[in-house]
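Quick note: the sequence shown, position 111, residue 111 per the working numbering, numbers continuous.
C-beta: ideal position from N, C-alpha, C; glycine also.
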Amino acid sequence: MTGAFELEEVDGLLLVRCRALAAIPGILHAFSTAREGVSAGFDLGTAHAGDPSVQSRRERFLAAAGFVGCTAAIVRQVHGTRVVRASDTASEPEADGVAWHSGEPVGRIPAVRTADCVPILMAERRGRAAAALHAGWRGAAAGMASKAVEELAAGGIPPSDLVAALGPAILGCCYEIGWEVEEALGASVPAGRGGDVSRTDSRGRIKADLHATIRWQLVASGVPEGAIHCAPWCTRCRADLFHSYRRQGANAGRMMACIGPAVQAPRRGDP
């Protein structure tokens, strides 16, 4: 649904926002792009932020998203299904999702990094919880999104109260896979929906639709279908907007997606 998302330039950075998430009181969010002014090289780093320039760019992105003075609550992404709380991310544990619940400390903002995988941002419609998730085909096949819904439900958030945005990722036009991946993705969605998650093109190549896979998993978990929104851009196709591992290989940069409470943390050095 193209109309559910918009591009917005903030302080020289081009961001993607989902209108449904933006309408939730007390919650801010953004998906980064590769665009910084006229350049398409804005890179938010891979597993660790040892490079001071990466840290600086992450802080700039968070500030553009509205999280002034805050820190990205990032994890070592391993293509799994573990979700941790934002307050437990100081040591960058292995996980692929970060959640925040009302009443928990603020200042560490749930965030994930991607370069073709699907960034998923979710929030409770009254702003009582939020989560950022990373899902490639392995995470999607293992039910990453459903596990996150379960984690939020354990904290008192009904699935029926969630809004989800599936951000820019490699889409079915470009995501060529093997039969074993097709089988794994098909087995991860409700019966009768396996045909929605992949197709075979005229040259016999199997193409996967991770957005469709995750959407049906969320619906099966109780999230209203009308509350699930999918970004229209393919990261591999749009070299002018996004980094892509399939297009650029090991040298690909990373985008970041973040979501959390609209509370500014004190700036460093403030009393």
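Where does the unbroken beta strand (DSSP E) through W100 begin, and where does it stop?
By 1-based counting over the sequence shown, the position of residue 100 is 100. Membership of W100 in the beta strand (DSSP E) is indicated by the continuous run G97 to H101.
Does the contact criterion of 3 or more C-beta pairs under 8 Å hold for the region 250 to 258 versus the region 27 to 40?
Yes, they touch.
Please determine if the region 161 to 181 and the region 241 to 250 are in contact, where contact requires at least 3 C-beta pairs separated by less than 8 Å.
Pairwise C-beta distances place the region 161 to 181 in contact with the region 241 to 250, as three or more of them are shorter than 8 Å.
Taking the alpha-carbon positions, what's the E225 to A20 distance?
The sequence position of residue 225 within the sequence shown is 225, counting from 1. The sequence position of residue 20 within the sequence shown is 20, counting from 1. Within the model, the alpha-carbon separation for E225 versus A20 is close to 13 Å.
Do D96 and L69 have their beta-carbon atoms positioned less than 8 Å apart in this structure?
Sequence index remark: in the sequence shown, residue 69 carries index 69 (1-based). Sequence index remark: in the sequence shown, residue 96 carries index 96 (1-based). The residue asked about is misnamed: residue 69 is Gly in this sequence, not Leu. It is not a contact, given that the beta carbons lie outside the stated cut-off.
Report yes or no: do the region 186 to 196 and the region 207 to 225 share at least 3 C-beta pairs separated by less than 8 Å?
Between the region 186 to 196 and the region 207 to 225, the count of Cβ pairs shorter than 8 Å is three or higher; the stretches touch.
Can you give me the C-alpha to C-alpha distance between G127 and R236, rounded to a whole angstrom?
Counted from its first residue, the sequence shown places residue 127 at position 127. Counted from its first residue, the sequence shown places residue 236 at position 236. Rounded to whole angstroms, the gap between the alpha carbons of G127 and R236 is 33 Å.
Can you tell me whether F61 is helix, strand or coil according to DSSP?
For this step, residue 61 is matched to residue 61 along the sequence shown. Secondary structure of F61 (DSSP, three-state): helix.
So, under 8 Å CB-CB, L133 and A145 are touching, yes? Tell me the CB distance rounded to an integer number of Å.
Residue 133 sits at position 133 when you count from the first residue of the sequence shown. Residue 145 sits at position 145 when you count from the first residue of the sequence shown. Contact flag correct, Cβ pair sits at about 6 Å.
Do L306 and V118 have their C-beta atoms closer together than 8 Å?
With the chain running from 1 to 271 in the structure shown, residue 306 is simply not present.
How far does the beta strand (DSSP E) with T200 in it extend, from its first residue to its last?
Here residue 200 corresponds to residue number 200 of the sequence shown, with the count starting at 1. Per DSSP, T200 belongs to the beta strand (DSSP E) from S198 to T200.
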